[in-house]
Structures are given as structure tokens and as C-alpha cells.
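Protein chains: 2
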Amino acid sequence: MTTVDHLRQVRLGNLRTVLLALVDRPGSRADLAARTGLTKATLSNLTEPLLANGILVEEPATLAGMGRPSKPLRFHPGGPVAVGAEINVSHLAVETIGLDGETLERRLVPADMRKATADEVLGRITELIREVTGPRPLLGAGLAIPGVVHDGVVIRTPNLPNLVGVRLAEALSRRTGLDVLLDNEANLAALAHLWPRHLAGEDFVHVTADVGIGAGVVLNGEVYRGVSGFAGELGHVVIERNGVLCTCGSRGCVERYAGLDVILREAGRRRLDSLRKALDAGDPKALEAVRNAGEALGVGLGTLMNLFDVPTVVLGGSYAVLYDHLREAVQSEMDSRVLAGGERHTRLIASPLGEFAVVRGAAGLVTRRAVQQPERLFA
Amino acid sequence: MTTVDHLRQVRLGNLRTVLLALVDRPGSRADLAARTGLTKATLSNLTEPLLANGILVEEPATLAGMGRPSKPLRFHPGGPVAVGAEINVSHLAVETIGLDGETLERRLVPADMRKATADEVLGRITELIREVTGPRPLLGAGLAIPGVVHDGVVIRTPNLPNLVGVRLAEALSRRTGLDVLLDNEANLAALAHLWPRHLAGEDFVHVTADVGIGAGVVLNGEVYRGVSGFAGELGHVVIERNGVLCTCGSRGCVERYAGLDVILREAGRRRLDSLRKALDAGDPKALEAVRNAGEALGVGLGTLMNLFDVPTVVLGGSYAVLYDHLREAVQSEMDSRVLAGGERHTRLIASPLGEFAVVRGAAGLVTRRAVQQPERLFA
DNA sequence: CCGACTAAGTTCAAGCATTGAACGAATGAG
DNA sequence: CTCATTCGTTCAATGCTTGAACTTAGTCGG
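Each protein sequence line maps, in turn, to chains A and B.
If you read the first sequence in numbering that gives the first Met the number 0, its first letter stands for residue 0, the second for the next number, and so on.
If you read the second sequence in numbering that gives the first Met the number 0, its first letter stands for residue 0, the second for the next number, and so on.
Take a look at the structure:
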């Protein structure tokens, strides 16, 4: 650690706060100085290389009130972009976003990936990525899969058995030439609610149901993954110690009572949209199936809240679609069990992001890293 | 934020790493330079004020091999000390430690505090603190209570009802003239395993049973408290959604199956030492009571592990006393339910700290703050 | 006993990011 | 046209770490 390094760290830290302020919203040097607490002099200095490297652009001018007009800075419309990609059981999806978080291109293609080989999956996702990437420089790609991931390797993915043990990040990187970050879809859906916009605060849990139930846990503005990537496995929280046997070997896992497959079976439906229609039509069997699932989920979430103590739960994915009919059962079961409930109710909300939450999170993983490690922008 | 502040931050950060290295073990300037990555010049510079202020002392010399002998630095034996204090249902305890973590004085006095008023409790604990503090300067006091705490105020403490709502930190501070940090005993028992020595890694959960069951959660080398102090409430993790009604209003909480009161009742014993003797004598009723509790605890811990994904569980307090007889049931139930268990077994250990774990943690809270904010040492 | 050797600790000029103040630039108000 | 106002730049000053040179205090071999 040389002396230069120490001062360089200070500079990089300031660069990070400036970029964070810009992600929040564009602003002139003077405005950014006020917002970050740095001086105008430092801002001139810090933004100079960002402008020179095509990361930022200076807008013509703003005809404000008195005084010299300010020239707001924003992310360059031709600047670097990040790719998000999702491999899932029944679809593939990709999306590109700029550093400002705006969506540039997106694709979602239904496809049964259950039996596909790793090569087939990689081939198709690579093709999709090529479709959405244009001439703008690429920061890298985030890749989401439904399962547990550690160090770029797929550790566990019950519904895509051909991917277990595959070094997916490396494999996709070889095919696309991009830097690839691999993560679990639950974590990435949660990240999409945190970055680039705070949609649910700095501490929350995001819950999704597909075949399994996964929770992405955000603590202190950071996604919490656990030491080996197994954190937030809400689906395997036990609600009845001698309950139904689970594929994981345990008994009474939440997943066996609140998983989407269970709800559909109990409701006598095949697909989510059909269930949704039945619910809206007041079908009693469907309503009961959803209420039962909501209660089970509420019990599991109560346990989760007693361990993590966060103020907000976001229901996403299929749960967001069923939100109107789930809410009451989940909330009441949770409230009756959460210890902190005496102080304040746990806020339960539906995700405002649709089916692109996961890919947006995947892309966000890349833009977030670029902002937090600004030296990457000059490579 | 002036320019001076920026450079001061660098200096304070380096001071912190030097002090951390010294907490680990004493060492000469050259040795510390090697361990911290700083230069000998910087070390001379940083340690000078620490020596001048009586925080460190220079040992005479060490007659090592060749070359100029080194003069190791260590914390001054007359330097500042921290007080830890514990208010509990059936006892009060205090302990003083130096910055190196060595115990100086300790007291543990049995006393039924259930019906005591806040004033009575504060009076007695103040008296104990006076008994153990000598001429050495005081950094402050850590205060532990069995219950939930937030911002120096007691939020919830089922077994010491007279303390709810009391601004305990402020009250004790007024009586003793010390800076007081208030925290939950579960968090502090966990901290005692993290600071000043890593006894269980940087990620673990420490579990204690008294009347209730509490877990102190350590993630990434930091105690995780949740947004309102309610994190780690393992006692209210649900293991049977329609199980026994709990005082908290929920049903099937772990506490109702694995709490110490339950174990004693089932075993037909009044006190822990009597239970322990019965177990050692092979009393079947006692053995079964403990095994049942172990299984229930294992189910709850399995759920906890599926959410936090830490590699180690430390059993402390009464559970440490019963460890030999609890271990098997806890471990097997946990292993069959933890998803990450396929990769590695969760390590289950008994706390090596005895009944002073909580007060040591309370004192550690203060020494840790002093090291992390070294500017406090020059006041 | 002396000189070579080794390692610890100190001294000092150099380097560098931020700062605050002074300055130049660009516009509106009167 | 002049003044007020705000934006952005320039520049000397600050203060911390650094690496190299230097001093100090021992061991080792003859």
C-alpha cells in the first residue's frame, strides 16, 4: 500500500459518491457539490475524466433564474451499458440498462429449459444477449438462475438439474466475451428493488414463488447472501415439524404449503393466469387455496421477521399477481406472530416491477459494481 | 468536511488497524508494520501519541537473535478499562477488562430482580460497579439486560416488567458518571465470542436459554441487531403452526418446547444443577426431557440456518451446561433440515465462556468502540 | 576486544487529493 | 450599461503516508 494508494482511495471514494448522486438524478457541478458535501473545485476535478471518457455528458445549459446558468451533467446516452440475463424453468429473459438504470432493450421468451443441457441453455441465452446489445460499450452481464450459487458455480437448482456443478459464469463469459456475475434469482429480484431506485427502503425481504419459494434479503442496503449462498431459503423454513415431507429431506417446509404448484393443485388449475381469473370470478376453491397458502406463508414470514427484523416484505413474482387475494391472510398471520409487531406493523407490499424484475436486478448487479468501483469505468 | 478531515480519516483508520493488531497480540513497531502493511515510519508516528497518553507501554527489550533488539509495545497495564454489567432475573454481574481483553475484576451475585423497581436495580448495579472499578481511567460501561433494547431504552423484557420503557442507559450514566451502552444479553453473549478473540469465526449464531431463548447473530464480524433490535428472536421461531400457545400471542414457538423452564418441568427438577446431576446419573426422565428439547431446538435452528446460512452455532448459558446431552438431538435434527447441509455440516459447539460471557460481552462493547473510534482514547 | 553484520527505529524530502479563496464567465434585473 | 448573482476554474496551502537514508543497538566470528 503506497502513499499514492491511500490518497487514491479517497479519490475513488469521492468518485463513488458523485456517481451515486448522479444515479439518483442528474445535476450541475454546483448542485452535485451541494448534494455530496464536496467542494465545487473537487467536483470540477472529479468529473473531468468522466466527461473525457464518455461516461458523462454536459447538457447545453439550463436557463434558470439569475446568475450564470448551470450545465447539468448526466450519464452519456452513448455510454456503457449492462446486460441482465435470466435462465428459468419455463422462460429465458434479457434486458440491457444504462448506468442511469433506464431500460434500453428487453426480451422474454417462453421456453422449457427443464431438460435442456447446459450447452443448449448457454447457446440460447448467448443469442438473446447478442440481440439486445448494440454499439454501446458493455460493462458486463449479470446472470440469474433459480437456485443456489457460489463463486460463479451452480450449487443447487432442483428444477434445472443439468446445470448443477456447472461453472456458468465462466462458461457464459467465454461465449460472450463479457465479464459475467452469477447470482440467484431471489437475490436479484430483491436487488432490483434496491438499485438503482429504492423501492422498498434499505431493509426488506423480497419473496417470490415459482416452483420453490425464495427470499432475497436486503440488510443495510446490501443483499445478504450468507457465507455459502444459502441465505434466505424461506421455502425451507419449517412451519410444522412433523408436516409434509419435502424434497429437501425435511418436513413441514413452507414450500409444501405455499408453493405455486401447491396452490394450483389445490385450486384445480393448470396455470397462473387461469387461477387469477378464477379468483376474480370468486371461485371458492381457488380462493380457499390461495388463503391457505397465504396463511402458511404468513407463518413462515413471521418466523423470518423474528430473525431478521426488517420493516418491509415485498411480494413479487407469482405472489405479486395473487397479491389482492393473498394479502389479508399473510398479514394477519404475520402480525399475530411477529414479536416486533407490538411496536409497528410489518409493511406488506406487492412488487411494482413485473416479470422483468429478475433481469433488471441482474443488470443492476453490473451497474452497481461499476459505480461502487469507479476505476472499472476507465478500462 | 475540510481537507484536514480527509487526511485525519486516513490517520484514524490506520490507528484503528494498529490497535486491532495489538488486541490480537503485542508486537514491536517493526512487527506491527509487517502485520498491518504500513511502514515502520508510519508506525513510529502513530504509536508516539499512544505512548505519550498512557495507552501503550514500551517493554524494555527483547533479546532476540541478530540485529537491534525490538521493544514490543503492549497496552499499558495502568491504561483505561471498560466495565461490563448484567442485570438478570436471578442475578447481577459485573466485570472489568482492559483494552487487551484481560479480566481485571468480576462479581456475580445471586439476586431475584423480578419484582425490583428500576431504582433498586440501578442502585445495586451501581454499587457493584463501584466495587470493581479501581484507579485506572474508565472508558465507559456496557449494560446487558434480558430483553429487547433500542436506542438505550428497554422495549420489551418479559421477566423484568419494571424496566420496560425505562431509559436505562441514561439512568445508569447519571448514577455512575460513565458513558453507558445498553444492549440485549443475547447480542452481548455473542459479542463475547467475537471480541476481543474470535472463538467461533466471523459468522455464527450464539444461542442461550434462560426463561426465554435468545440468539445473538454475528454476520461478517458484526453483531446483527435488526432495524429495531428484534433480530435473532429464535425463541419465537415457529416449529408447529398450531402448537402450544405462547405468551407472545403466537403458537408453536421454539421457546415453548426448548426453554429451560420446559426442560426442568418435564424432567421434574427445580434447578439446572439438579438436572445436570440427574442427567449424569442417567435418569431417564431427565434424559428424555433434554432430548425432546434438543429436537425442538434443532428444528428451530434448522430454520434459522436456512435463513442466515452461517457455518457455526454456539450453545451458551444453560445449553452449554447441558451440551453433552443436547448435542446429538440438536445436530441430527438440524442436519436433516438444513439445505446447505449437503455441502457441509453445521458446526455445533459449546461456549467455552462460562457464566461471565454476557458481562464480558458488555465490557467488550466498550473496548471495541474505543478501538474502532481511536479518537476516544485521547479524551 | 574489534569489526562485520543484522535488524529496529527515526528522520526527512517528496507526492498528492482536497480545500477555500480569489477569479473569470455568463446571465437577469433595473 | 451596470450591478447582482450564480457557475465553474485556478492555485497555493495543508497534512498524512512513504521510501530511502541514516542512526542505534545488539549478535557473531575471529
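Beta carbons: idealized from backbone N, C-alpha and C, even for Gly.
Please report the Cβ distance between residue i and residue j, rounded to the nearest whole angstrom; I am assuming they are in contact, meaning their Cβ atoms lie under 8 Å.
i: residue 222(A); j: residue 204(A); result: Going by Cβ atoms, the distance from residue 222(A) to residue 204(A) rounds to 11 Å, so no, they are not a contact pair.
i: residue 381(B); j: residue 155(B); result: In the structure as shown, chain B begins at 0 and stops at 378. Residue 381(B) is therefore absent and cannot be evaluated.
i: residue 144(A); j: residue 184(A); result: 6 Å
i: residue 174(A); j: residue 121(A); result: 6 Å
i: residue 208(B); j: residue 318(B); result: 5 Å
i: residue 98(B); j: residue 366(B); result: 5 Å
i: residue 6(B); j: residue 82(B); result: The Cβ separation is near 34 Å, so there is no contact.
i: residue 324(B); j: residue 286(B); result: 7 Å
i: residue 100(A); j: residue 75(A); result: Residue 100(A) to residue 75(A), Cβ: 14 Å. No contact.
i: residue 308(A); j: residue 226(B); result: 6 Å
i: residue 268(B); j: residue 277(B); result: 6 Å
What is the DSSP secondary structure of residue i, counted as helix, strand or coil?
i: residue 139(A); result: strand
i: residue 370(A); result: helix
i: residue 345(B); result: coil
i: residue 358(A); result: helix
i: residue 94(A); result: strand
i: residue 321(B); result: coil
i: residue 56(B); result: strand
i: residue 331(A); result: helix
i: residue 116(B); result: coil
i: residue 43(A); result: helix
i: residue 28(B); result: helix
i: residue 127(A); result: helix
i: residue 84(A); result: strand
i: residue 74(B); result: strand
i: residue 102(B); result: strand
i: residue 326(B); result: helix
i: residue 48(A); result: helix
i: residue 68(A); result: coil
i: residue 108(B); result: strand
i: residue 16(A); result: helix
i: residue 61(B); result: strand
i: residue 35(A); result: helix
i: residue 133(B); result: coil
For residue i versus residue j, is the C-beta distance shorter than 8 Å?
i: residue 94(B); j: residue 377(B); result: no
i: residue 265(A); j: residue 212(A); result: no
i: residue 153(A); j: residue 164(A); result: yes
i: residue 149(A); j: residue 228(A); result: yes
i: residue 300(A); j: residue 329(A); result: yes
i: residue 236(A); j: residue 311(A); result: no
i: residue 17(B); j: residue 50(B); result: no
i: residue 348(B); j: residue 313(B); result: yes
i: residue 180(A); j: residue 168(A); result: yes
i: residue 296(A); j: residue 232(B); result: no
i: residue 177(B); j: residue 127(B); result: no
i: residue 363(B); j: residue 194(B); result: yes
i: residue 71(B); j: residue 61(B); result: yes
i: residue 288(B); j: residue 257(B); result: no
i: residue 67(A); j: residue 25(A); result: no
i: residue 69(A); j: residue 29(A); result: yes
i: residue 210(A); j: residue 260(A); result: yes
i: residue 239(B); j: residue 119(A); result: no
i: residue 103(A); j: residue 80(A); result: yes
i: residue 88(B); j: residue 158(B); result: yes
i: residue 224(B); j: residue 186(B); result: yes
Counting only runs that start and end within the region 244-318 of chain A, where is the beta strand (DSSP E) found for 3 or more residues in a row? 311-314
Which parts of the region 174-255 of chain B are runs of the beta strand (DSSP E), unbroken and 3 residues or longer, counting only runs that do not cross its ends? If you keep only unbroken beta strand (DSSP E) runs of at least 3 residues inside the region 174-255 of chain B, you get 179-183, 203-208, 212-218 and 221-223.
At a cut of 8 Å, does the region 11-19 of chain B reach the region 347-365 of chain A through at least three beta carbon pairs? Taking a cut-off of 8 Å for Cβ pairs, the region 11-19 of chain B and the region 347-365 of chain A do not touch, as fewer than three such pairs fall below it.
Would the region 106-126 of chain A count as touching the region 158-176 of chain A if we require 3 or more Cβ pairs under 8 Å? Touching, yes.
Using 8 Å as the Cβ pair cut-off and three pairs as the minimum, do the region 363-376 of chain A and the region 21-38 of chain B touch? They do not touch, by the three-pair rule.
Three or more C-beta pairs closer than 8 Å, one from the region 234-253 of chain A and one from the region 330-341 of chain B: is that the case here? yes
Would you call the region 265-283 of chain A in contact with the region 190-201 of chain B, where contact means no fewer than 3 C-beta pairs closer than 8 Å? no
Quick one: complete beta strand (DSSP E) runs, 3+ long, within the region 141-176 of chain A? 147-149 and 152-155
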